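*Asks:* If you read the sequence shown in the numbering used here, its first letter stands for residue 562, the second for the next number, and so on. Ideal Cβ positions, reconstructed from N, Cα and C, are used throughout, including at glycine. This one's a predicted model, so the numbers in the text were calculated from it and none came from an experiment. Sharing a structure with you now.
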Amino acid sequence: MHWYKFPGMPIEWITRLSRVSCMPSFRWDQIGLWQGSIATLLLSACLLAPIVSAQTVLRDSSAAPLNIFPSDLAVLEAGEVRKDLPCTVTPQKPQLGFDLRLHAGYDVAVPLNEFAGADNVLTIVFRVIPAARKAEPVYFEQRVHVPVINEDAHGDAALSGAFDVGEGAYHVDWLMRDRSERVCASSWDTSAALQPHDRDVALTLPPNDVERSEGEQFQEEPPVQRVQGRAPLNVKVLINFAPEDPLAPTLHEMDTSALVSILRSISRDPHFGRFSLVAFNMQEQRVMYRQADGDKIDFPALGTALAALKLGTVNVQQLGEKHGDTGFLSQLIRQEVGDAKSQPDALIFAGPKVMLDQNVPTDTLRDIGTVNFPMFYMNYNSDPQQVPWRDAIGRTVRFFHGVEYTISRPRDLWYAVNEMCSQIVKSRNEKATASISSQ
């Protein structure tokens, strides 16, 4: 089977919302020739350039007419299935993500021969209506440029879209039309709710609300209202930005999403207010990014630094070192844990398991001496049964009497952050009490 990609595929997209000033994130995963060859189009705002984008915020539909073609609005209002442009629409049930949001969406399949001949433009318009606020629908519009497809193409073009919702019931009216004004239309109802075992998880989107799914993982974090009346907690985070599979040649989007969500969960907790960050990669055995003590994590700068990550390459020096990975981790721990000038309220390791042929020597850890702050390890492990053994970082954290959390599901992340915060606050209070008693 042969694969090829259309380079530099332009994307024109416009988002129109009736209530929220944001743009939905879509991943057009594949347009494929399932027989003979496959053309993969990554038509995503976060993956390919050049991209021409614009967005318009519309007034609430109850106050003024929407800026939308009357013919499109008529199709949405009718709520009938249309297949002038043959397609199959499959709704995606809302699922809880590591960002503690419920992600909904849809998959669309269109026979590839429908695009044969000249190039085409697909316009997708849909609205999401909260059942509790039927007068406040949220409208999205997206335009996708489709390249020229061979006349003998077989199979389906697969597209997908996503949006975020709070808990509640929703109705979706959806249409797609091509340049010839052929229309495919569908409607469906969906409900978003946490599973019983996740009921105590605090979602980041209110009930009956609709917003875009973020396409840019390293965008700036909105301001957080910190706890007042006492000094914010100061934490140092050492995070291994590496794929969960140590043999993977790239850092997959799923891995990045989970690791960034760990950082965002820490940065959003109102008890934390000072942050030091060290982002490293065990495969390349180097520190990718450092951020000294600051009042927030600089996600855009972190994203820029990680863009230079080149997995699968080994320099000559690494080839000549029998246990270079152990040496790198040992040096990192000595520098960051044993730094006498840096005394955070807690030190947090995060990342996938680091399984080494030789763990950090006990003598190295013993030479660091007493650590006067609690230590934690947020171990991202999507399948704990597959690799149940403690890794090199876990052994280090255990040596210093720290706590390790396995992050396999969104609930695990929510629980770990809350538990860590409680323990860090308790530790600082105990140190303050001891200091007063010694006076």
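Jot down the residue ranges of each uninterrupted beta strand (DSSP E) in the stretch 923-978, minimum 3 residues, whole runs only, in chain order.
*Replies:* Segments of the beta strand (DSSP E) lying fully in the stretch 923-978: 936-941, 964-968.
*Asks:* Does the Cβ of residue 709 have 16 or more other Cβ atoms within 10 Å, making it buried, or fewer, making it exposed?
*Replies:* When all chains shown are included, residue 709 counts as exposed.
*Asks:* Could you give the distance in angstroms between the alpha-carbon of residue 703 and the alpha-carbon of residue 813?
*Replies:* One C-alpha to the other measures close to 26 Å.
*Asks:* Taking C-alpha atoms, which residue in 931, 939, 906, 927 lies nearest to residue 912?
*Replies:* Considering only alpha carbons, the answer is 939.
*Asks:* Return the CA-CA distance between residue 631 and residue 740, expressed in angstroms with no decimal places.
*Replies:* If I take the Cα positions, the gap works out to 16 Å.
*Asks:* On the DSSP letters alone, give me the boundaries of the alpha helix (DSSP H) that residue 503 sits inside.
*Replies:* Here the chain comprises residues numbered 562 to 1000, so residue 503 is not present and cannot be evaluated.
*Asks:* Grab me the residues of residue 762's own chain with a C-beta within less than 8 Å of its C-beta, minus the 5 sequence neighbours each way, in chain order.
*Replies:* Correct list, in chain order: 657, 661, 755, 971, 972, 975.
*Asks:* On the three-state DSSP scale, how would you describe residue 795?
*Replies:* Residue state, collapsed to three classes: strand.
*Asks:* Does residue 857 come out as helix, strand or coil in the three-state DSSP assignment?
*Replies:* DSSP places residue 857 in coil when its eight states are reduced to three.
*Asks:* In this structure, how does DSSP classify residue 893 when only helix, strand and coil are distinguished?
*Replies:* Helix.
*Asks:* Under a three-way DSSP split, which group does residue 690 fall into?
*Replies:* If DSSP states are grouped into helix, strand and coil, residue 690 belongs with the strands.
*Asks:* Between the stretch 918-925 and the stretch 882-898, do at least 3 Cβ pairs fall closer than 8 Å?
*Replies:* Yes, the stretch 918-925 touches the stretch 882-898.
*Asks:* Output the distance between the C-alpha atoms of residue 790 and residue 850, rounded to the nearest integer angstrom.
*Replies:* Going from the Cα of residue 790 to the Cα of residue 850 covers about 32 Å.
*Asks:* By Cβ distance, which residues of its chain are closer than 8 Å to residue 951, with the 5 residues on each side in sequence left out?
*Replies:* The residues are 959, 965.
*Asks:* Going by the CB atoms, is the gap between residue 723 and residue 670 shorter than 9 Å?
*Replies:* Cβ distance not < 9 Å, so residue 670 and residue 723 don't count as in contact.
*Asks:* Considering only their Cβ atoms, is the gap separating residue 937 from residue 909 smaller than 9 Å?
*Replies:* Going by C-beta atoms, residue 909 is nearer than 9 Å to residue 937.
*Asks:* May I have the straight-line CA-CA distance separating residue 826 from residue 853, to the nearest angstrom?
*Replies:* Approximately 19 Å, taken between the alpha carbons.
*Asks:* From residue 857 to residue 691, what does the alpha carbon distance come to, in whole angstroms?
*Replies:* Distance between the alpha carbons of residue 857 and residue 691 is about 34 Å.
*Asks:* Quick check: what's the CA-CA separation for residue 799 versus residue 748?
*Replies:* Residue 799 and residue 748: Cα-Cα distance of roughly 46 Å.
*Asks:* Hey, quick one: how far does the alpha helix (DSSP H) through residue 816 stretch, first residue to last?
*Replies:* Here the alpha helix (DSSP H) through residue 816 covers 814-829.
*Asks:* Please report how far the alpha carbon of residue 793 lies from the alpha carbon of residue 700, in whole angstroms.
*Replies:* Computed Cα separation, rounded: 40 Å.
*Asks:* With a CB to CB cut of under 8 Å and the five nearest residues on each side skipped, what residues in its chain are close to residue 568?
*Replies:* Confidence in residue 568 is poor, its pLDDT being 30 and thus under 50, which makes the residue's placement unreliable; the coordinate value appears in the next sentence. Around residue 568: no qualifying Cβ.
*Asks:* Whose C-beta lies closer than 6 Å to the C-beta of residue 967 among residues of the same chain, with five residues either side of it excluded?
*Replies:* Around residue 967: 940, 942, 945.
*Asks:* List the residues that DSSP assigns as beta-bridge partners of residue 833.
*Replies:* Residue 833 pairs with 794.
*Asks:* Once the 5 residues before and after residue 647 are set aside, which same chain residues still bring their CB inside 8 Å of it?
*Replies:* So the qualifying residues of the chain are 671, 672, 675, 745.
*Asks:* I need the straight-line Cα distance from residue 804 to residue 817, nearest angstrom please.
*Replies:* Taking the straight line joining both Cα atoms gives about 8 Å.
*Asks:* Counting C-beta neighbours from all protein chains within 10 Å, is the total for residue 729 16 or more, i.e. buried, or is it exposed?
*Replies:* Label assigned to residue 729: buried.
*Asks:* Using the beta-carbon count (16 or more within 10 Å), is residue 713 buried or exposed?
*Replies:* Counting Cβ neighbours within 10 Å, residue 713 comes out exposed, since fewer than 16 surround it.
*Asks:* Hey, residue 831 and residue 786: beta-carbon distance below 9 Å or not?
*Replies:* The answer is yes: Cβ separation under 9 Å.
*Asks:* Could you say which of 997, 993, 753 lies nearest to residue 652 if we only look at CA atoms?
*Replies:* Nearest option by C-alpha distance: 753.
*Asks:* Per DSSP, what kind of secondary structure is residue 984 in: helix, strand or coil?
*Replies:* DSSP places residue 984 in helix when its eight states are reduced to three.
*Asks:* How is residue 771 classed by DSSP in three states: helix, strand or coil?
*Replies:* In the structure shown, residue 771 sits in a strand (DSSP, three-state: E or B).
*Asks:* Across which residues does DSSP place residue 729 in a beta bridge pair?
*Replies:* According to DSSP, which records beta bridges pairwise, residue 729 is partnered with 753.
*Asks:* Pull up the DSSP beta-bridge partners for residue 994, would you.
*Replies:* Answer by DSSP bridge pairing: none, since residue 994 is not bridged.
*Asks:* What residue range does the beta strand (DSSP E) around residue 680 cover?
*Replies:* Residue 680 -> no beta strand (DSSP E), and no H or E assigned at all.
*Asks:* Given a threshold of 16 other Cβ atoms within 10 Å of its Cβ, counted over all protein chains shown, does residue 770 qualify as buried or as exposed?
*Replies:* Residue 770 should be labelled buried.
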